[in-house]
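Using the working numbering, the letters of the sequence shown correspond one by one to residues -3 to 1186. We treat Cβ as the ideally placed atom computed from N, Cα and C, and that holds for glycine. Because the structure is a prediction, the values reported are computed rather than measured. Take a look at the structure set out below.
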Amino acid sequence: MKLKKQVTVCGAAIFCVAVFSLYLMLDRVQHDPTRHQSGGNFPRLWVTSCPSPWPLSPQSQISVLQNRIEQLEQLLEENHEIISHIKDSVLELTAHAEGQPALPHHPLNGSWVLPPESRPSFLSVSPQDCQFALGGKGQSPDLQMLAMYSLLPFDNQDGGVWKQGFDITYEPNEWDTEPLQVFVVPHSHNDPGWIKTFDKYYYDQTQHILNSMVLKMQEDPRRRFIWSEISFFSKWWDNISAQKRAAVRRLVGNGQLEMVTGGWVMPDEANSHYFAMIDQLIEGHQWLEKNIGVTPRSGWAVDPFGYSSTMPYLLKRSNLTAMLIQRVHYAIKKHFAATQNLEFMWRQTWDPDASTDIFCHLMPFYSYDVPHTCGPDPKICCQFDFKRLPGGRINCPWKVPPRSITDANVAERAQLLLDQYRKKSKLYRSKVLLVPLGDDFRYDKPQEWDAQFLNYQRIFDFLNSRPDLHVQAQFGTLSDYFDALYKTVGIVPGMRPPGFPVLTGDFFSYADREDHYWTGYYTSRPFYKSLDRVLEAHLRGAEILYSLALAHARRASADGRYPLSDYTLLSNARRNLGLFQHHDAIAGTAKEAVAVDYGVRLLHSLTNLKRVIINAAHYLVLGDKDTYRHDPAAPFLSMDDTRPSQDSLPEKTVVKLDTSPRFLVVFNPLEQERLSVVPVLVDSPHVRVLSEEGQPLPFQLSVTWSSATEVVPDIYQVSVLARLPALGLRVLQLHRSLDGHDVLRSSTRLYLHGRDLPVRKPEAMALHVFPAAADDFCLENQHLQACFSGRSGLLQSLRRAGEEQVHRVSSEFLIYGTRTSKDKSGAYLFLPDGEAKPYAPKNPPVVRVVEGPLFSEVASYYQHVQTVVRLYNVPGVEGLSLDVSCLVDIRDYINKELALRFSTDIESDNTFFTDLNGFQIQPRRYQQKLPLQANFYPMPAMAYIQDMQSRLTLLTAQALGVSSLSSGQLEVILDRRLMQDDNRGLGQGLKDNKRTCNRFRLLLERRTTANKSSGFLSKLVSMFKALGFPGSRTGSPEVQDKRPISFPSLLSHITSMHLNAEALVMPVALEKVALPALRSFMPLATTLPCDFHILNLRTLQAEDDSLPSPEAALILHRKGFDCSLEAKNLGFNCTTSQGKLALGVLFQGLELGSLQPTSLTLMYPLGMASNSTNIHLDPMEIATFRIRLG
-3 MKLKKQVTVC GAAIFCVAVF SLYLMLDRVQ HDPTRHQSGG NFPRLWVTSC
47 PSPWPLSPQS QISVLQNRIE QLEQLLEENH EIISHIKDSV LELTAHAEGQ
97 PALPHHPLNG SWVLPPESRP SFLSVSPQDC QFALGGKGQS PDLQMLAMYS
147 LLPFDNQDGG VWKQGFDITY EPNEWDTEPL QVFVVPHSHN DPGWIKTFDK
197 YYYDQTQHIL NSMVLKMQED PRRRFIWSEI SFFSKWWDNI SAQKRAAVRR
247 LVGNGQLEMV TGGWVMPDEA NSHYFAMIDQ LIEGHQWLEK NIGVTPRSGW
297 AVDPFGYSST MPYLLKRSNL TAMLIQRVHY AIKKHFAATQ NLEFMWRQTW
347 DPDASTDIFC HLMPFYSYDV PHTCGPDPKI CCQFDFKRLP GGRINCPWKV
397 PPRSITDANV AERAQLLLDQ YRKKSKLYRS KVLLVPLGDD FRYDKPQEWD
447 AQFLNYQRIF DFLNSRPDLH VQAQFGTLSD YFDALYKTVG IVPGMRPPGF
497 PVLTGDFFSY ADREDHYWTG YYTSRPFYKS LDRVLEAHLR GAEILYSLAL
547 AHARRASADG RYPLSDYTLL SNARRNLGLF QHHDAIAGTA KEAVAVDYGV
597 RLLHSLTNLK RVIINAAHYL VLGDKDTYRH DPAAPFLSMD DTRPSQDSLP
647 EKTVVKLDTS PRFLVVFNPL EQERLSVVPV LVDSPHVRVL SEEGQPLPFQ
697 LSVTWSSATE VVPDIYQVSV LARLPALGLR VLQLHRSLDG HDVLRSSTRL
747 YLHGRDLPVR KPEAMALHVF PAAADDFCLE NQHLQACFSG RSGLLQSLRR
797 AGEEQVHRVS SEFLIYGTRT SKDKSGAYLF LPDGEAKPYA PKNPPVVRVV
847 EGPLFSEVAS YYQHVQTVVR LYNVPGVEGL SLDVSCLVDI RDYINKELAL
897 RFSTDIESDN TFFTDLNGFQ IQPRRYQQKL PLQANFYPMP AMAYIQDMQS
947 RLTLLTAQAL GVSSLSSGQL EVILDRRLMQ DDNRGLGQGL KDNKRTCNRF
997 RLLLERRTTA NKSSGFLSKL VSMFKALGFP GSRTGSPEVQ DKRPISFPSL
1047 LSHITSMHLN AEALVMPVAL EKVALPALRS FMPLATTLPC DFHILNLRTL
1097 QAEDDSLPSP EAALILHRKG FDCSLEAKNL GFNCTTSQGK LALGVLFQGL
1147 ELGSLQPTSL TLMYPLGMAS NSTNIHLDPM EIATFRIRLG
């Protein structure tokens, strides 16, 4: 132990000297007296060797400056490498004598004190890695969506026949030199669950659509059709003959049938997380490649309710070259139509070199149905929807029915339709026109195929036979249209067509008419939004552990004994998670019975994934792998929790203590080591926790509560402070202890607020009951002080350690009602009756304050919500933010929505920031000219507000709607109960609310741009600014508005990971049988750079669908981060490497047999497979590698 301390002290001293040297070097560069500022961003340089100091010419100044920058970069890089080497050396020296986390102690009349960490922690961020967030490279876009909202009047003027647009005129001779090319694209939009369940839709409609498609497409080679939902297509494929499959392959091969996008579903783009978006895309693409041998080229998304800029990035990296979208705010459509900007290159805001550009077509009119796709006048277009011929089940609301096309009327009908085509084409820049022809579940009967295809073909034949009309009309696929467009502008697919604008940003929030904003579905059915993320975390964990266990088993030639059948469970879970990304599933906008069907699927897969994790963990922790036996009837490990039904909250497993030790296996799904408080329920307060080696571990003993005042008898929570290896498994022991004086117990104060409530006191714990309300009080650890209202139990302020300033961060609950007029809030729409009103429960809350050595918490019990704010008293990530949970139950509400609002003294003005799919951050601005509901946005992972001094981030474990309606505010909608339909086709309100637990972290960070002298990183950032690096900026709102880009801090990224990927605790099921030796499993041989995230390690399918292949997809994401947030005392080891990673030495005990970079969904190899296993990733990029481990 003495040697360990000496090594640590020496290493830390060397490290400090190196850092201080670098600091001085920067200080010298920054205060060099020869660098006098003389206006502008660049310093004026003087030639000191001349007798008189004449200034250099601009060219010489630039040359000298470039030399100095290069020298500085070299010095910084050398220092960074030195620091990294020192860090590695110190870690190596201390790793062998690591020791356990030290025990907290409790001085008299004081708070619990945690001894200093026994191990050093490092933050070694390469200066070049900080430059990315400063941005400034690349050209400005032509269309910036954040600015667009400020520019447009949103006045909703009546546009005539095109009600939300304007009158369109043209000259008859406009197409004389270049004829109009019209591509009519037949399609059928099949929702995998909405009014009916997935299976009911399939049996009632989808199978008939696809069966008719095979038959009818073969009748005429000029016919075309597109399909997007692979979930339905694969189910149909499994039920058709080999002859029919061959016919499908022929139709795809000759270009008659196109698979567009090719995902498992057409995902919701507001609430879905990028892990699940990618996973369902891979599932669909892999199915297409294996069964039909086709790779999708174009994206098709006609029905998601708004569009995220994450999707074009994923499609581009999957090698698609173009995409189509439809549901965009009608005012934006009108503006883009008026300026011929409905087709554009969609670029990521952070993209410095246009490598993310993808061509995007935006449909101009109200809907994707036939009345709104041929041209601006729906009354005319409806006459060309031949399913609505008289005598059918549906007709035209405009009272003019379609007429069958005959020789007698073809000239008149064709001219009428051509007029619409010409008017529509005036909204675009090319003479190529796209006309979709379809709607929901269309073409389900052979009669409709005949009616549409025969009548349209007669029109086409007439138009094409008349050269004087200067039009060429035909059926086409989506890619037929894009290919013709590319050909007219003289480029190949994937290139940027000349003369088209570049757009950055996203298309939230969506309104389809008037002030009907589709912002309610950001929160609708939050129970299932939460379950979705739980399943996602389990799927990622199961994929990684299964891949590692399988690789180790194969290396030991033990794969014959390993349950390869678990691969089927993985595959089904991928598909059930993928199905739930559908835009009526995770959105919460399906019928109640359909929501139950989704829930049953999610729970079924969650249970199966726990089995996969248990089986993999069992194999990996065995000291002697030869003793491994898989017994499905008696699993070696138990599950950490269970859910009795699809709408139940989880119930934690209780570990029964006995004279012999009980073993736990704890899985850390993160690719970084973590020091975490691991909760376990036991049946006795007499307990000791030991490490695998028998060393005592610190833990906190608490009672468990069934209500505000009721303790659960004989069940106690043991909260263990344990260091968990990256992606690894840690073995712990629980012992029944007769000697209880060493146990660190929590104490509880219960404030009844004047209410006469019976209290059951626990036997083994201190509980003090106070009949009245408390005075205001505070909790604190070594990083934070959090103060609370004694009356409400709710948070009032935060103060960071070492700072005098107390930040107002007060929380309150609010209620939104809905309108009294005809249009009311529903599953899709948020139509409030004005500003939110304070939540006013019948009774004051019961407030429970628990204080202990490892965490303290405040629980406030209200009628409709129980909130718990916890402060961890541990080093590192867990202790740097507040853990906030809200257990919501609004089942007795009528037309109300419950919101949680944080009000602060941060001067955020009208700017706030929300994430898109957990992948990137999009700045937002509160628009006074728009209604309240228009200012809500999706928050799948985080939202923050900031000023020059501070940033407050709310991190979330489930997607919810968020806004900042006033400076310094951040509010989130927790749940909504609505009694009526909102007239968007669902036919139901939202009345199936569940008890739902919403989980958050609240992180207050100091922005070091506010104090230039504080910290190495801020000095570095300010030095880059002084040197005039492109795009260097302050945190001022004005500059943020001009550069609509922002990034979380590294701490924020890692806090989000901790929140979303909790450690899984698996008790060894065998209670009294002699156990084989268990050893912790540490799969990584080296520490991953802390801006790298292993998104997935996904074992690929063998030729037999139910079996795994020897290959896996390793998907990596390098996160973009902001260095301007203070990064001291982070308590975790963090190094960045300018995107370099040596994969060959990453996995301990396994060799990397092959490494092939591929497109995102593995459809295309990128370059040749090389022997080198060193890779490089740019910030924000996601990369997929086909690897073979063994």
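Query, Result
"What distance in whole Å lies between the Cβ atoms of R756 and S680, which are believed to be in contact at a cut-off of 8 Å?", "Contact doesn't hold; Cβ gap of about 18 Å is too wide."
"Name the DSSP beta bridge partners of E254, please?", "I222"
"Can you round the beta-carbon distance between V431 and V178 to whole angstroms, since I take them to be within the 8 Å contact cut?", "6 Å"
"In whole angstroms, what separates the C-alpha of R947 from that of L956?", "20 Å"
"What is the C-beta distance between A704 and I609, in whole angstroms, given that I count them as a contact (C-beta under 8 Å)?", "The pair is not a contact, with the Cβ atoms about 34 Å apart (cut-off 8 Å)."
"With H, G and I counted as helix, E and B as strand and the rest as coil, what does DSSP make of D528?", "helix"
"Rounded to whole angstroms, what is the Cα-Cα separation between Q1036 and N906?", "Confidence is the limiting factor: at Q1036 the pLDDT is only 39, short of 50, which leaves the residue's position unreliable, though a coordinate-based value still follows. Rounded to whole angstroms, Q1036 to N906 spans 12 Å at the Cα level."
"Write down the C-beta distance between H204 and K441 rounded to the nearest angstrom, noting that I regard them as a contact closer than 8 Å.", "7 Å"
"Buried or exposed for E225, going by 16 or more other Cβ atoms inside 10 Å?", "buried"
"Excluding the 5 residues preceding and the 5 following S184 in the sequence, name in chain order all residues of the same chain whose CB lies nearer than 7 Å to its CB.", "I205, G434, F437, R438, Y439"
"Span of the alpha helix (DSSP H) holding T603?", "588 to 617"
"Within 8 Å (strictly less), CB to CB, does N152 reach chain B?", "Absent here is chain B; the protein component of the structure consists of one chain."
"Since L316 and M273 should fall inside the 8 Å C-beta cutoff, what is the C-beta to C-beta distance between them, to a whole number of angstroms?", "At roughly 14 Å, the Cβ-Cβ gap does not stay under 8 Å, so L316 and M273 are not in contact."
"From the DSSP output, in three-state form, read off W283 for me.", "helix"
"Whose C-beta lies closer than 6 Å to the C-beta of Q386 among residues of the same chain, with five residues either side of it excluded?", "Here the sequence assigns Pro to residue 386, which means Gln is not the residue at that position. Cβ neighbours of P386 beyond the five flanking positions: P397."
"Within this structure, are the beta carbons of P692 and L740 separated by less than 8 Å?", "no"
"Using 8 Å as the threshold, is the C-beta distance between P1079 and L546 below it?", "no"
"Run the CB neighbour count on H1192, radius 10 Å, all protein chains shown included, and call it buried at 16 or more, exposed below.", "For residue 1192 there is no data in the structure shown, the boundaries of the chain being -3 and 1186."
"Thinking C-alpha only, which one of S715, P300, L876, Q916 is nearest W190?", "P300"
"Please list the segments of the beta strand (DSSP E) lying wholly inside the stretch 849 to 883, counting only runs of 3 or more residues, in order along the chain.", "851 to 857, 861 to 868"
"Keeping to the same chain, check which residues put their C-beta closer than 7 Å to that of A1179; ignore five residues upstream and five downstream.", "L1112, P1153, L1173"
"Short check: CB of H512 to CB of L825, under 8 Å?", "yes"
"Out of L465, N604, A469, point me to the one whose CA is closest to D457's CA.", "A469"
"In this structure, does DSSP put P1079 in helix, strand or coil?", "coil"
"For a test of the three-state rule: what should DSSP assign to K427, helix, strand or coil?", "coil"
"For A797, I'd like the list of residues in its chain whose CB is within less than 7 Å of its CB, leaving aside the five on either flank, ordered along the chain.", "Q778, H779, L780"
"In or out: S959 buried (at least 16 other Cβ within 10 Å) or exposed?", "buried"
"Of all the options V248, R1182, T1169, which has the alpha carbon lying nearest to the alpha carbon of Q1097?", "R1182"
"With DSSP collapsed to three states, give me the class of T30.", "Because T30 sits at a pLDDT of 36, beneath the cut-off of 50, its placement in the model cannot be relied upon, and the following sentence gives the value as read from the coordinates. The answer is coil: DSSP assigns T30 none of H, G, I, E or B."
"With a floor of 3 residues, list each beta strand (DSSP E) that falls wholly inside the stretch 338 to 419, ordered by position along the chain.", "339 to 343, 354 to 358"
"Taking the continuous beta strand (DSSP E) assigned at C1119, which residues delimit it?", "It is not in any beta strand (DSSP E) - C1119 carries neither H nor E in the DSSP assignment."
"Can you tell me which of the three DSSP states D622 falls into?", "helix"
"Evaluate P1040 with the Cβ neighbour count: other Cβ atoms within 10 Å of its Cβ, from every protein chain shown; 16 or more gives buried, anything less gives exposed.", "buried"
"Roughly how many angstroms lie between the CA atoms of R220 and F478, to the nearest whole one?", "15 Å"
"Is M635 buried or exposed, if buried means 16 or more other CB atoms sit within 10 Å of its CB?", "buried"
"How far does the beta strand (DSSP E) with E967 in it extend, from its first residue to its last?", "965 to 973"
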